[in-house]
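Q:
Residue numbers (our numbering): 55 to 555.
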């Protein structure tokens, strides 16, 4: 019905006019390919069959000798043939390859009956996987460039896996690649994209997650090659924020971040997004539906930014009241899942939601802390504010949308930087938080470093931290270790900050 010149990998087989979709369906296309070299079909041809979900791939091996063509001249002779089909329960291989067949053997099986049986087995396998895993089934793809060490790259893969789990997905497989520089169109290149597509088919994944940010064009190119939805690191974080937002202010800022992220990613879908509008105001040169959608999104972004500005003004008034009452404020910052909320609960005997998850709390929470002043033997009041957790390479859209929340950091008299000492990458997390604080438009106050979860850290790590940061506090919020010392140090911290100001 169709003839293509090139290898099955080079020649992308076009879909049928009415393509069939679904995790348990094959493409409805059977491909007959020829090869001149003796031996089994090349792996790239079999991979192309798996990626395109062909009903079957028949490979005919041609030789240069054979019968005489009428009128003189030799014609190619079919020496042997192979039939390959997908394996519903892949183990080591993703396909079944027949032994060498003759042309007569090739025509004996009932292909329609065999394909229907194979498709029924695929549907049973896919249904079983969906029952077994009722969450998004993700394949993580990581790209290691020359400037990233092996340890740092592994920490990044572990972090993106935690992000997928926090967002409600499950990681079925992780693929990695080392490159000197990223491919401009697909980040990973055409060959690796086929490998990712094959892995997605093998484990019945419905989502591909990259450990880095992708441009809109790269997402479109990858989805066209892989055939599965592709998201980047920022989109996973935005999804988590959307789930965690509880207050109106939090939902407002999350919506703003999502719109700013999605605006350059709006694309047309066939003719539906390229029709000219009708009615008053759309005549003349006209305006595509896509442009109309973008204009509506920009208007919504402008309204949300105005709401965020009002939110900033409201929080500024609250901070002014605390200043008038002479109540020093301390903002708690730190990498996500460092134990900030748990520490705030332990210090102030509060009951703020805290969990062993990334971005467990999103909206800032303020609590009052009473500390006994040893000099005056009177209790002093401090205000502690728990802020949103930081993460390595915090997306710019989040920085802009959460500026009202992050102002709590810049307007506080001092900062309490909480570090998870039990995390293997605690030093990199300190640097990531420091980099974000240095990008703040307003200089922050003095910082007290507090190493949390010392009960989970090994002795050598604790000794290294004490040597590198002799002025830091060492606590365990869950075991109430070092909290009394931390309270007195927080009091001295704000006193020195107020004296300097």
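All residues carry an ideal CB built from backbone N, CA and C; glycine is no exception.
Since the structure is predicted, the reported quantities are computational estimates derived from the model, not experimental observations.
Between 521, 424 and 215, which has its C-alpha nearest residue 540's C-alpha?
A: 424
Q: Within 10 angstroms of the Cβ of residue 538, are there 16 or more other Cβ atoms? Answer buried if so, exposed if not.
A: exposed
Q: Identify which residue in 152, 234, 210 and 308 has its Cα closest to the Cα of residue 228.
A: 210
Q: Would you mind reading off the limits of the alpha helix (DSSP H) that contains residue 214?
A: 204–220
Q: Are residue 226 and residue 191 close, meaning C-beta to C-beta below 8 Å?
A: yes
Q: Under 7 Å: does the beta carbon of residue 502 sit that close to some heavy atom of the ligand SAH?
A: The model depicted lacks the ligand SAH and carries no ligand whatsoever.
Q: Ordered along the chain, which non-local residues of its own chain (more than five positions away) have a Cβ less than 7 Å from that of residue 222?
A: 189 and 190
Q: When we look at the beta-carbon of residue 302 and count the other beta-carbons within 10 Å, is it buried (16 or more) or exposed?
A: exposed
Q: Where does residue 103 land, buried or exposed, given buried means 16+ other C-beta within 10 angstroms?
A: buried
Q: Do you know how far the Cα of residue 105 is from the Cα of residue 412?
A: Cα to Cα, the separation comes out at about 34 Å.
Q: Opposite residue 232 in the DSSP bridges: which residues?
A: DSSP lists 198 as the beta-bridge partner residues of residue 232.
Q: Does the count of Cβ pairs from the region 514–529 and the region 384–392 closer than 8 Å reach three?
A: The region 384–392 and the region 514–529 do not touch, with fewer than three beta-carbon pairs separated by less than 8 Å.
Q: At what residue ranges does the region 400–465 contain a whole run of the alpha helix (DSSP H), taking only runs of 4 or more?
A: 450–455 and 457–465
Q: Following the continuous alpha helix (DSSP H) through residue 83, name the residue where it begins and the one where it ends.
A: No alpha helix (DSSP H) contains residue 83, which DSSP labels as neither H nor E.
Q: Start and end of the beta strand (DSSP E) containing residue 388?
A: 383–388
Q: Leaving out five residues on either side along the sequence, give the residues of the same chain with a beta carbon under 7 Å from the beta carbon of residue 206.
A: 482
Q: For the alpha helix (DSSP H) that residue 155 lies in, which residues bound it at each end?
A: It is not in any alpha helix (DSSP H) - residue 155 carries neither H nor E in the DSSP assignment.
Q: Rank 479, 197 and 531 by C-alpha distance to the C-alpha of residue 240 and give the top, closest one.
A: 197
Q: Just mark residue 522 as buried or exposed, buried being the case when its beta carbon has 16 or more other beta carbons within 10 Å.
A: exposed
Q: Between the beta-carbon of residue 307 and the beta-carbon of residue 362, is there less than 8 Å?
A: yes
Q: Count the other CB atoms, across all protein chains shown, that sit within 10 Å of the CB of residue 514; report buried if there are 16 or more and exposed otherwise.
A: exposed
Q: Assuming contact is defined by CB atoms lying nearer than 8 Å, are residue 512 and residue 392 in contact in what I supplied?
A: no
Q: Excluding the 5 residues preceding and the 5 following residue 382 in the sequence, name in chain order all residues of the same chain whose CB lies nearer than 6 Å to its CB.
A: 436, 467 and 548
Q: Might you give, ordered along the chain, the residues of its own chain that have their beta carbon closer than 8 Å to the beta carbon of residue 405, omitting 5 neighbours on each side?
A: 399
Q: At which residue ranges does the region 480–546 contain complete alpha helix (DSSP H) runs of 4 or more residues, listed in the order of the chain?
A: Complete alpha helix (DSSP H) runs here, min 4: 480–492 and 513–522.
Q: Roughly how many angstroms lie between the CA atoms of residue 58 and residue 93, to the nearest whole one?
A: 22 Å
Q: Which residue from 56, 96, 99 and 98 puts its Cα closest to that of residue 83?
A: 56
Q: Within 10 angstroms of its Cβ, does residue 304 collect 16 or more other Cβ (buried), or is it exposed?
A: Its Cβ being crowded by 16 or more others within 10 Å, residue 304 is buried.
Q: Do residue 310 and residue 355 have their C-beta atoms closer together than 8 Å?
A: yes
Q: If residue 287 and residue 261 are in contact, beta carbons under 8 Å, what's the gap, nearest whole angstrom?
A: So it is not a contact: roughly 13 Å between Cβ atoms.
Q: Would you give the residue range spanned by the beta strand (DSSP E) that residue 474 belongs to?
A: 468–474
Q: Rounding to the nearest angstrom, what Cα-Cα distance links residue 134 and residue 156 in this structure?
A: 5 Å
Q: In the DSSP assignment, find the alpha helix (DSSP H) that holds residue 105 and state where it starts and stops.
A: 97–105
Q: Apply the 10 Å Cβ neighbour rule to residue 380 and answer buried if 16 or more other Cβ atoms are within range, or exposed otherwise.
A: exposed
Q: On the criterion of 16 or more Cβ atoms from any shown chain inside 10 Å, does residue 294 qualify as buried, or is it exposed?
A: buried
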